[in-house]
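Novice: First to last, the sequence lines map onto chains A and B. Going by our numbering, 737 is the number at position 329 of the first sequence; the sequence numbering is gapless. Going by our numbering, 226 is the number at position 89 of the second sequence; the sequence numbering is gapless.
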Amino acid sequence: MKKKIGVYICHCGGNISDYVDVEKVRQAVEGDEGVILSKTTMFACADSNQKEMVDDIKDRELDGVVVASCSPKLHLLTFRAVVERAGLNKYNYVHANIREQVSWAHSDNKMGATEKAIQIVKAAIAKVRNTESLEPVIVEATNAVAVIGAGIAGMRAAIELAEAGSQVYLIEREFFVGGRVAQWDDLCLTEETGKELITRLYDQVMSQKKITLFTGAEVIENSGSVGNFNLKVKITPRHFKLRCTEETLQQAIDVCPVEVPDEFNFNITTRKAIYHNYPSEYPQLPAIDMKNCTRCGECEKVCPNIDFSQKTEYLNLKVGSILLATGFDPYEPKKGEFGYGEIDNVVTFPQFKRIVHYCDDKLVYKGKEIKNIAYIYCVGSRQVDGENKYCSRYCCTAIIHTAITVKKKYKGIHNYHFNRGIRTYGKAEVWYDESSRLGDIYLQSFEYDPPVVEKSGTQTIVRIKDMLTIDKEIEVVADLVVLVTGMVPRQDNSIGNLLKVPRGRDNFFNEIHMKLRPVETVIDGITIAGASQGPKNIMESINSGLAAATKSFSLVNSGELALEPTVAKVNLEACEWCGKCDEACPYNAFEKVETGGKFIAKVNSAVCKGCGMCLPVCPTNALDLIGLTDEDVESMIDALIPNI
Amino acid sequence: MTGGKVNNSPRILVFSTEKISDPAIDMAGLLKLHYPPTVYTIPVPCSSSIKPRWILHALEQGFDGVFIAADGTDCPYGESCTEKTGQLMSVTQQLMKEKGIDPARLKMAAICSVCSEPFVKHVKSFAEYLSKSSN
Ligand SMILES: Cc1cc2nc3c(=O)[nH]c(=O)nc-3n(C[C@H](O)[C@H](O)[C@H](O)COP(=O)(O)OP(=O)(O)OC[C@H]3O[C@@H](n4cnc5c(N)ncnc54)[C@H](O)[C@@H]3O)c2cc1C
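#1: Check this for me: beta carbons of residue 585 (chain A) and residue 536 (chain A), under 7 Å apart or not?
#2: Please confirm whether any heavy atom of ligand 1 lies closer than 6 Å to the CB of residue 269 (chain B).
#3: Assuming residue 419 (chain A) is part of the beta strand (DSSP E), what are its boundary residues?
#4: Within 7 Å of any Cβ in chain B, is that where the Cβ of residue 1041 (chain A) sits?
#5: Write down the C-beta distance between residue 623 (chain A) and residue 582 (chain A) rounded to the nearest angstrom, noting that I regard them as a contact closer than 8 Å.
#6: If contacts are defined as beta-carbon pairs under 8 Å, then residue 613 (chain A) and residue 602 (chain A) qualify, I think. What distance do you get, rounded to the angstrom?
#7: Who does residue 180 (chain B) pair with in a DSSP beta bridge?
#8: The alpha helix (DSSP H) spanning residue 441 (chain A) covers which residue range?
#9: For residue 934 (chain A) versus residue 730 (chain A), is the C-beta distance shorter than 7 Å?
#10: Taking DSSP's pairing of strands, which residues face residue 427 (chain A) in a bridge?
#11: Check whether chain A comes within 7 Å of residue 234 (chain B), counting only Cβ atoms and requiring the distance to be less than that.
#12: Which value, in whole angstroms, describes the spacing of the CA atoms of residue 628 (chain A) and residue 639 (chain A)?
#13: Report yes if the C-beta distance between residue 660 (chain A) and residue 701 (chain A) is below 7 Å; otherwise report no.
#14: Once DSSP output is grouped into helix, strand and coil, what is the label at residue 808 (chain A)?
#15: Heavy atom of ligand 1 less than 6 Å from the Cβ of residue 832 (chain A), yes or no?
#16: Which value, in whole angstroms, describes the spacing of the CA atoms of residue 985 (chain A) and residue 194 (chain B)?
#17: Counting contacts by CB-CB distance shorter than 7 Å, is residue 202 (chain B) in contact with chain A?
#18: Taking any Cβ of chain E, which residues in the stretch 511-524 of chain A have a Cβ under 7 Å from it, in chain order?
#19: Can you tell me whether residue 1020 (chain A) is buried or exposed, with buried defined as 16 or more other CB within 10 angstroms of its CB?
#20: With 7 Å set as the bound, which would you pick, yes or no: does the beta-carbon of residue 509 (chain A) sit closer than that to a beta-carbon of chain B?
#21: Under 7 Å, Cβ to Cβ, is there at least one residue of chain B near residue 930 (chain A)?
#22: Output needed for residue 550 (chain A): all residues of its chain with C-beta closer than 7 Å, excluding positions within five of it in sequence on either side, in chain order.
#23: Pick from A:460, A:416, A:877, A:649: whose alpha carbon is nearest that of residue 719 (chain A)?
#24: Tell me whether residue 642 (chain A), by its Cβ, gets closer than 6 Å to a heavy atom of ligand 1.
#25: Return no unless some Cβ of chain A is closer than 7 Å to the Cβ of residue 266 (chain B).
#26: Would you mind giving the Cβ-Cβ distance between residue 165 (chain B) and residue 565 (chain A), rounded to the nearest angstrom? I have them listed as a contact below 8 Å.
#27: Going along chain B in order, which residues have a C-beta closer than 7 Å to the C-beta of residue 479 (chain A)?
#28: Excluding the five sequence neighbours on either side, which residues of its own chain have a C-beta within less than 8 Å of the C-beta of residue 772 (chain A), listed in chain order?
#29: Hey, is residue 1018 (chain A)'s beta-carbon within less than 7 Å of any beta-carbon in chain B?
#30: Measuring alpha carbon to alpha carbon, tell me which residue in A:775, A:1001, A:1036 is nearest residue 983 (chain A).
#31: Can you list, in chain order, the residues of the stretch 186-218 of chain B whose Cβ is nearer than 9 Å to any Cβ on chain A?
#32: Suppose contacts are defined by Cβ-Cβ distances below 7 Å. Is residue 673 (chain A) in contact with residue 762 (chain A) by that definition?
#33: Look at the alpha carbon of residue 852 (chain A) and the alpha carbon of residue 939 (chain A), and state the distance between them as a whole number of angstroms.
#34: Among all the DSSP beta bridges, which residues are the ones paired with residue 818 (chain A)?
#35: Give a yes or no on contact between the stretch 905-921 of chain A and the stretch 875-885 of chain A, applying the rule of three or more CB pairs nearer than 8 Å.
#36: How big is the Cα-Cα spacing for residue 1023 (chain A) and residue 782 (chain A)?
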């Protein structure tokens, strides 16, 4: 029980003291049991006050400290650091939120606010009386990081980590690296092609001794926790010994009788079971897609480098941190959505990118030359009825850039943009400007009144009630309708499920805090980057890749890790092992052990996340969360009730 | 029943969650969405970590109602949270019945990290219910 508690009540300029009588609060708590010092302060977080707190703690030998100020999300860590600087264990600090949850919330009721503040500070004092000095859980950390997904975000992150000195395992599920960016030729905002960017990164990856790249590889098992994850990786063989000459490879491709839709081209073309996506793709070694190969043996006859004896390999990797950069899927419109799948000249934006790639001097689709192009925006994003409420960010800019490219590459192109308000944010605004100057037509509608795509005889017509011309009904006869599809999370979330990374309401991987901790997940040691976290363009993907690399690196580089000690604790006497805690725990942190002639539950503190899901299920009340014991909670409840 | 009510509002204890509903309650303050000042929060890591005995303790010591601002499907610790919070709700309400406490004095709603308005609506209507039922 603490006997020398110091309490600081913050004015926060006037943010608190304009509504809460802070002096009255101070007087109300100064006589509380154990309180030997109570002060009000203009800004608790100010340097001068922090110094004063350090002096107070030392001079008065305080054993517990409470600051009543803003939300703990802002300054809990600040004040923990202050008490630590004064030589007091930081877990003897308790924070009371009297701004967001008192002065601001009750700015309409000053008396009520003051009274509430008093009880809240009293509850914090009650809690600090019980706190114990805790030491962080120290675990060994392996200085290696698994980067999952070799798209642009994963590759850039891998290079950064290797340069900083970590061992990196770059694990790509496909046989080729680059992710989506390899599928786009011309890119905004710089005029490099996707292939050029990927080639540059691939060269760097290859020249880094600390990076091991696995392609055709997937993580299939995961155990352990931050500092020491054990991953089992399945590596599917390419069935090629060496790269064959262009000629023998082409022969092998030609003789392959299997023809399947080519996903790299979003199914507008087909490919053989033996394939590479494009001639200079990395790694420059073709692959055989065994899901579709019939093992007819024709390719072996013409290409000596094919090797069907290669077996699937399994590898165990030990890493300290995992960086997830598994990217996104383009939204696949439903059949009939703006004519998709029903009207034959309706395509998606990704398909359009590939069509433009294949057409040299004339833009041709299904044998017809294209002049009039209608772009329908926000397909699969900003949905009124569907689940995708978010804006996909990249699309306005990328489609306008593509429309300009098309106009410059082919003669006689007319671009019609059926949009819902253009969002070419930041530097991309110049493309919007350029496209307008080139004569592109912009037509706009509200979300509840979208354009309609219809077949009329042989013509495809797009009709809109255009709000920019005061709801005039306008029709465009389109040779091609491009649905500007947004980004959705990867349909296959097996990796997310395996690693237990939570997803947000948009179904993308979720960060701890959008602003303050944007690349960490609640699973310690797992960081997220790129479009796996939500729609991002290349620059944003790389930004987050670099941030995640730094965060992962900071966890593993010293070889040692300090974890929060606020984990579950078993009361040995009360525990009668029934297994309910084990069932409730989402992280397998419990183990059944024998001690003193009986079985009890043991908590692995490096694995426990301190969620507390085990607490209410224990029939003998043998479980507590350190920092949230029955005594902590019940004494706070008692203090919240004024004794009148 | 309970002493010292400000504005005679019922006293409500809210169990919020550190990562999800507590930020929403903070934001309600930031947006100056007012609710009765007799609503107090104790943040816990996850809504499925609340022990029934804490709820009973609060009700027996003088709180008029307990509101669980649950993580719902946003729980950072996994999908099972909704079900587990639901279970502890029903276990507690059963215990309340046994003790002759109106089970409606315990209420739960999922409050996402930006659900400030729903939070305020919930606690206001809960407060209304509690003041009616205590008269
Ligand atoms: C039509 C279109 C045009 C675009 N144009 C532009 C543009 O002009 N400019 C711009 O800045 N941005 C553009 N973008 C956005 C750009 O594509 C993304 O920003 C970028 O692809 C995100 O990179 P990433 O690495 O996060 O994800 P991805 O590119 O999706 O890469 C993820 C990688 O992870 C791999 N992977 C997935 N799951 C697993 C698993 N379980 N195990 C191992 N590996 C896995 C994938 O195979 C892939 O290689 C465009 C997007 C679209 C759809």
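Just so you know, even glycine gets a beta-carbon here, dropped at the ideal spot from N, CA and C.
Specialist: Answer, in terms of the structure:
#1: Your numbering for residue 585 (chain A) matches position 177 in the first sequence. Your numbering for residue 536 (chain A) matches position 128 in the first sequence. Not closer than 7 Å, so no.
#2: The residue given as residue 269 (chain B) occupies position 132 in the second sequence. Flag unset: Cβ of residue 269 (chain B) not near ligand 1.
#3: Residue numbering aside, residue 419 (chain A) sits at position 11 when the first sequence is read from its first letter. Run containing residue 419 (chain A): none; DSSP gives neither H nor E here.
#4: The residue given as residue 1041 (chain A) occupies position 633 in the first sequence. Yes, residue 1041 (chain A) lies at the interface with chain B (some Cβ there is under 7 Å from its Cβ).
#5: On the first sequence, position 215 is the one that residue 623 (chain A) refers to. On the first sequence, position 174 is the one that residue 582 (chain A) refers to. Yes, they are in contact, since the Cβ atoms of residue 623 (chain A) and residue 582 (chain A) sit about 7 Å apart, within 8 Å.
#6: One-based indexing of the first sequence puts residue 613 (chain A) at position 205. One-based indexing of the first sequence puts residue 602 (chain A) at position 194. Not really, about 16 Å apart at Cβ, beyond 8 Å.
#7: To locate residue 180 (chain B), count along the second sequence from 1; it is residue 43. B:153.
#8: As a first step, residue 441 (chain A) must be located in the first sequence, where it is residue number 33. Premise fails: residue 441 (chain A) is in no alpha helix (DSSP H) and is neither H nor E.
#9: For the purposes of this step, residue 934 (chain A) is taken as the residue at position 526 of the first sequence. For the purposes of this step, residue 730 (chain A) is taken as the residue at position 322 of the first sequence. Yes, the Cβ-Cβ distance between residue 934 (chain A) and residue 730 (chain A) is below 7 Å.
#10: Position 19 of the first sequence, counted from the start, is the residue given in the question as residue 427 (chain A). Bridge partners of residue 427 (chain A): none, in fact.
#11: By one-based count along the second sequence, residue 234 (chain B) stands at place 97. Residue 234 (chain B) does not count as touching chain A.
#12: In the first sequence, the residue the question calls residue 628 (chain A) occupies position 220. In the first sequence, the residue the question calls residue 639 (chain A) occupies position 231. Roughly 7 Å between the two C-alpha positions.
#13: Numbered from 1 along the first sequence, position 252 holds the residue referred to as residue 660 (chain A). Numbered from 1 along the first sequence, position 293 holds the residue referred to as residue 701 (chain A). When the beta-carbon positions are compared, residue 660 (chain A) and residue 701 (chain A) stay at least 7 Å from each other.
#14: Against the first sequence, residue 808 (chain A) aligns to sequence position 400. Here residue 808 (chain A) sits in helix by DSSP.
#15: Here residue 832 (chain A) refers to the residue found at position 424 when the first sequence is read from its first residue. Outside the cutoff, so no.
#16: Within the first sequence, residue 985 (chain A) is the residue found at index 577, counting from 1. Within the second sequence, residue 194 (chain B) is the residue found at index 57, counting from 1. Distance between the alpha carbons of residue 985 (chain A) and residue 194 (chain B): 26 Å.
#17: Residue mapping note: residue 202 (chain B) aligns to position 65 of the second sequence, counting from 1. No, residue 202 (chain B) does not count as interfacial toward chain A.
#18: No chain E is part of this structure, whose protein chains are labelled A and B.
#19: In the first sequence, residue 1020 (chain A) corresponds to position 612, counting from 1. Classification for residue 1020 (chain A): buried.
#20: Within the first sequence, residue 509 (chain A) is the residue found at index 101, counting from 1. So yes, residue 509 (chain A) belongs to the interface.
#21: Your numbering for residue 930 (chain A) matches position 522 in the first sequence. Judged by the 7 Å Cβ criterion, residue 930 (chain A) is in contact with chain B.
#22: Here residue 550 (chain A) is taken as the residue at index 142 of the first sequence, counted from 1. Excluding the 5 residues flanking it on each side, residue 550 (chain A) has same chain C-beta neighbours closer than 7 Å at 635, 636, 726, 727, 728, 964, in chain order.
#23: For this step, residue 719 (chain A) is matched to residue 311 along the first sequence. It is A:649.
#24: Taking the first residue of the first sequence as 1, we reach residue 642 (chain A) at position 234. No, the Cβ of residue 642 (chain A) stays beyond 6 Å of every heavy atom of ligand 1.
#25: Taking the second sequence and counting its residues from 1, the one referred to as residue 266 (chain B) is at position 129. Not closer than 7 Å to any Cβ of chain A, the Cβ of residue 266 (chain B) fails to qualify, so no.
#26: As a first step, residue 165 (chain B) must be located in the second sequence, where it is residue number 28. As a first step, residue 565 (chain A) must be located in the first sequence, where it is residue number 157. Not confirmed; about 37 Å, so no contact.
#27: By 1-based counting over the first sequence, the position of residue 479 (chain A) is 71. 163, listed in chain order.
#28: Here residue 772 (chain A) corresponds to residue number 364 of the first sequence, with the count starting at 1. So the list reads 778, once near-sequence residues are dropped.
#29: The residue given as residue 1018 (chain A) occupies position 610 in the first sequence. Closer than 7 Å: yes.
#30: By 1-based counting over the first sequence, the position of residue 983 (chain A) is 575. Of A:775, A:1001, A:1036, the residue nearest in Cα terms is A:1001.
#31: 186, 187, 188, 189, 190, 191, 194, 195, 198, 199, 200, 210, 211, 212, 213, 214, 215, 216, 217, 218
#32: The sequence position of residue 673 (chain A) within the first sequence is 265, counting from 1. The sequence position of residue 762 (chain A) within the first sequence is 354, counting from 1. A contact, by the Cβ cut-off of 7 Å.
#33: Here the question's residue 852 (chain A) lines up with position 444 in the first sequence. Here the question's residue 939 (chain A) lines up with position 531 in the first sequence. Going by C-alpha positions, residue 852 (chain A) is about 28 Å away from residue 939 (chain A).
#34: Translated into the one-based positions of the first sequence, residue 818 (chain A) becomes position 410. According to DSSP, residue 818 (chain A) bridges with nothing at all.
#35: no
#36: Your numbering for residue 1023 (chain A) matches position 615 in the first sequence. Your numbering for residue 782 (chain A) matches position 374 in the first sequence. Rounded to whole angstroms, residue 1023 (chain A) to residue 782 (chain A) spans 58 Å at the Cα level.
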